[in-house]
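A short write-up of the structure that comes next.
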Amino acid sequence: MIYADNAATTKTSAAAQKAMLDAMEQFWGNPSSLHSPGQQAAEALASAREAVAKAIGAQPREIYFTSGGSEADNQAITSAARFGARRGKKHLITTAIEHHAVLHTMQQLEKEGFEVTYLPVDASGIVKVEDVQSALREDTALVSIMYANNEIGTIQPVSEIGALCRERKIPFHTDAVQAVGHLPIDVASQNIDMLSLSGHKFHGPRGVGALYVRRGAPLLTLIHGGAQERGFRAGTENLPAIVGMAAALEESCANMEKNSAYISGLRDALIEKLSPIPHSELNGDRDRRLPGSVSFCFEGIEGESLLLLLDDKGVAASSGSACTSGSLDPSHVLLAIGRPHEVAHGSLRLTLDEENTMEDIERIAAAVIEVVDYLRSMSPIWKALQRGERNYVIQ
Ligand SMILES: *Cc1c(COP(=O)(O)O)cnc(C)c1O
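Each residue of the sequence shown is one higher than the last, beginning at 196 in the numbering used here.
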């Protein structure tokens, strides 16, 4: 099986697995206990916090461990919103292409009386800095814009947005779950106030993540209980997962340049091999995209069948977000870049990692070409397009 669905989750690296096993064997104490087993666990927790902080240019005391990217997004956005509301600020800004962990938190806040501006993106899947600037208001409590998109891989102008928000003293959060471990990040020079990350998107375990909160930025407690995470996130720490995440992140950061050059070479080769498919188009900007991310729309077919047939041929891919598969709604991200419903349904996302080879790329491309051809030969919509009874959306 060729695994090409790394935006959904990545394989846990050997380094992460080893760190987790070691932690289970050696650091089984409760980090809050005063005895030696507890203190050994507390030390392992502190080293993991240092490693995560270092990976994004933060201070260890600015890192809060969570159960994953979704919890980090919920806590960041809800905190900033409630904090703002206390000062009469009830306006939030985000984009139309965020992960549901952000979008659904925003929708919940709308029900609670907040006003949310959902910024559009251009056809290449990138938000315009001018649009962010003109959306800022006196009563804006938070700007939350993702670092890199999980479906189409586009990288947002985070540094420019950070500078804009800092100038206006408006908190800026970024969902960097797809970017951490893959792109160089420095929260200080990029003026990021809050950042979400998740272990299983960079070869760490799932069910663990972190929220970075710059000292002085608004943070409230959502999970109440013990005084863990300096009182901002109760619950006995999931130490094996935290330590495994830190090991995976250290490894990803140490190899980032090398991996990024290699994986983007594979990505470009795959884009080149798929582009000649008639009436198909790459989703998202050709260059401002994650090293491993390839997303296409193919006119006249249905993404779900494409995935099942690719799976039969030994290629594990996705139609968009893992979270929306199983639902019949087309991807909100593809709609936001202007794909009509019928075309958004014919999407394919292939996300690569450093274990993929050029041979994989050749096999993936051959399988996609064959399956697209086969599905089109059976598609009534495709036949109508071919007979000129319908107009192609993608030329
Ligand atoms: C995967 C993902 C999340 C959710 O992270 P979990 O750790 O799975 O909760 C949030 N945002 C983005 C962009 C993601 O890709």
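C-beta atoms are modelled at their ideal positions from N, C-alpha and C, and glycine is treated no differently.
Sorry if obvious, but does the Cβ on D404 come closer than 7 Å to a heavy atom of ligand 1?
According to the sequence displayed, residue 404 carries Gly and not Asp. Correct: G404 has its Cβ closer than 7 Å to ligand 1.
Looking at the unbroken alpha helix (DSSP H) that takes in I347, where does it start and where does it end?
Taken as a continuous stretch (DSSP letters only), I347 belongs to no alpha helix (DSSP H), as it is neither H nor E.
For the beta strand (DSSP E) containing V375, list its first residue and its last residue.
Counting along the chain, V375 falls outside any beta strand (DSSP E), and DSSP gives it neither H nor E.
Return the CA-CA distance between C518 and D388, expressed in angstroms with no decimal places.
With a pLDDT of only 49 at C518, under the threshold of 50, the placement of this residue in the model should not be trusted; the figure read from the coordinates follows. The alpha-carbon atoms of C518 and D388 are separated by roughly 27 Å.
Note down the Cα distance separating H398 from E305, rounded to an integer number of angstroms.
Rounded to whole angstroms, the separation of the alpha carbons of E305 and H398 is 35 Å.
Any chance the CB of A248 is under 7 Å from a heavy atom of ligand 1?
Checking the Cβ of A248 against ligand 1 gives no.
Going by the beta-carbon positions, is the gap between L392 and A239 smaller than 8 Å?
Taking the C-beta atoms as reference points, A239 is found no nearer than 8 Å to L392.
Cut-off 8 Å between Cβ atoms - residues of its own chain near P315, not counting five sequence neighbours on either side
Here the set comprises T290, A291, V322, D326, A531.
Let me know the beta strand (DSSP E) ranges lying completely inside the stretch 405 to 483, each 3 residues or longer, listed in chain order.
Within the stretch 405 to 483, complete beta strand (DSSP E) segments of at least 3 residues are found at 475 to 477, given in chain order.
Is the beta carbon of N201 less than 8 Å from the beta carbon of T546?
Yes. Within cutoff.
Among F222, G357, D370, R410, which has the Cα closest to the Cα of R256?
Ranking F222, G357, D370, R410 by Cα distance to R256 puts R410 first.
Simplified DSSP state of S231, which is helix, strand or coil
In the three-state reduction of the DSSP assignment, S231 falls in the helix class, which pools H, G and I.
For D548, three-class secondary structure by DSSP
Coil, per DSSP.
For the pair the stretch 457 to 468 and the stretch 477 to 488, tell me if three or more CB-CB distances fall below 8 Å.
By the C-beta criterion, the stretch 457 to 468 is judged to be in contact with the stretch 477 to 488, since at least 3 inter-stretch pairs fall below 8 Å.
What do you reckon, are the CB atoms on L543 and V528 nearer than 8 Å?
With contacts defined as CB atoms closer than 8 Å, L543 and V528 fail to qualify as a contacting pair.
Simplified DSSP assignment, three categories, for V382:
Here V382 sits in coil by DSSP.
Cutoff 6 Å; reference H286; Cβ partners in own chain excluding five residues on either side
Cβ neighbours of H286 beyond the five flanking positions: E310, R332, D334, T335.
Spatial neighbours of A248 within its chain, please: CB distance less than 7 Å, with the 5 preceding and 5 following residues excluded, ordered by chain position.
By the criterion of a C-beta distance shorter than 7 Å, A248 is surrounded in its chain by Q254, P255, E257, I258, once the five residues flanking it on both sides are discounted.
Within 8 Å, strictly: CB atoms of I347 and G376:
Result no, Cβ atoms of I347 and G376 do not sit closer than 8 Å.
Flag D370 as yes when its Cβ comes closer than 7 Å to any non-hydrogen atom of ligand 1, and as no otherwise.
D370: yes, Cβ under 7 Å from ligand 1.
Please state whether DSSP places P525 in a helix, a strand or coil.
Looking at P525 - three-state DSSP - the assignment turns out to be coil, as it is neither helix nor strand.
Which term fits T552, buried or exposed, when burial requires 16 or more other beta carbons within 10 angstroms of its beta carbon?
Here T552 is exposed: its Cβ has fewer than 16 other Cβ atoms, across all protein chains shown, within 10 Å.
Which whole runs of the beta strand (DSSP E) in the stretch 250 to 295 are 3 residues long or more, in chain order?
As far as the stretch 250 to 295 is concerned, its whole beta strand (DSSP E) runs of at least 3 residues are 258 to 261, 286 to 290.
Relative to the alpha-carbon of P473, which residue among I466, E494, E467, R483 has its alpha-carbon at the smallest distance?
Looking at I466, E494, E467, R483, the one whose alpha-carbon comes closest to that of P473 is E494.
Using three-state DSSP, classify E497 as helix, strand or coil.
DSSP places E497 outside both helix and strand once states are collapsed to three, so it counts as coil.
Three or more C-beta pairs below 8 Å linking the stretch 226 to 242 and the stretch 265 to 278:
Using a C-beta cut-off of 8 Å, the stretch 226 to 242 makes no contact with the stretch 265 to 278, since fewer than three inter-stretch Cβ pairs fall below that distance.
Under the three-state reduction of DSSP, which class applies to D200: helix, strand or coil?
In the three-state reduction of the DSSP assignment, D200 falls in the strand class.
Take every Cβ of the stretch 220 to 227, pair it with every Cβ of the stretch 571 to 589, and state whether three or more of those distances are shorter than 8 Å.
With the cut-off at 8 Å, the stretch 220 to 227 and the stretch 571 to 589 do not touch.
Just how far apart, CA to CA, sit G479 and A422?
G479 and A422: Cα-Cα distance of roughly 43 Å.
Report buried or exposed for S231, applying the criterion of at least 16 other Cβ atoms within 10 angstroms of its Cβ.
Its Cβ having fewer than 16 others within 10 Å, S231 is exposed.
Tell me the rounded alpha-carbon separation between E245 and S447.
Straight across, the Cα-Cα distance linking E245 with S447 is about 15 Å.
Among residues of its own chain, excluding the 5 on either side of S514, which ones have a beta-carbon nearer than 8 Å to its beta-carbon?
By the criterion of a C-beta distance shorter than 8 Å, S514 is surrounded in its chain by G498, E499, L501, L502, S520, S526, S542, L543, R544, once the five residues flanking it on both sides are discounted.
Is L417 near H368, with beta carbons less than 8 Å apart?
It is not a contact, given that the beta carbons lie outside the stated cut-off.
With DSSP run on the structure shown, which of helix, strand or coil describes E598?
Given a span of 196 to 590 for the chain in the structure shown, any question on residue 598 remains unanswerable.
Quick one: is Y587 buried, meaning 16 or more other Cβ sit within 10 Å of its Cβ, or exposed?
Result: exposed.
What are the start and end residues of the beta strand (DSSP E) that includes M389?
It spans 389 to 393 - the beta strand (DSSP E) in which M389 sits, taken as one unbroken run.
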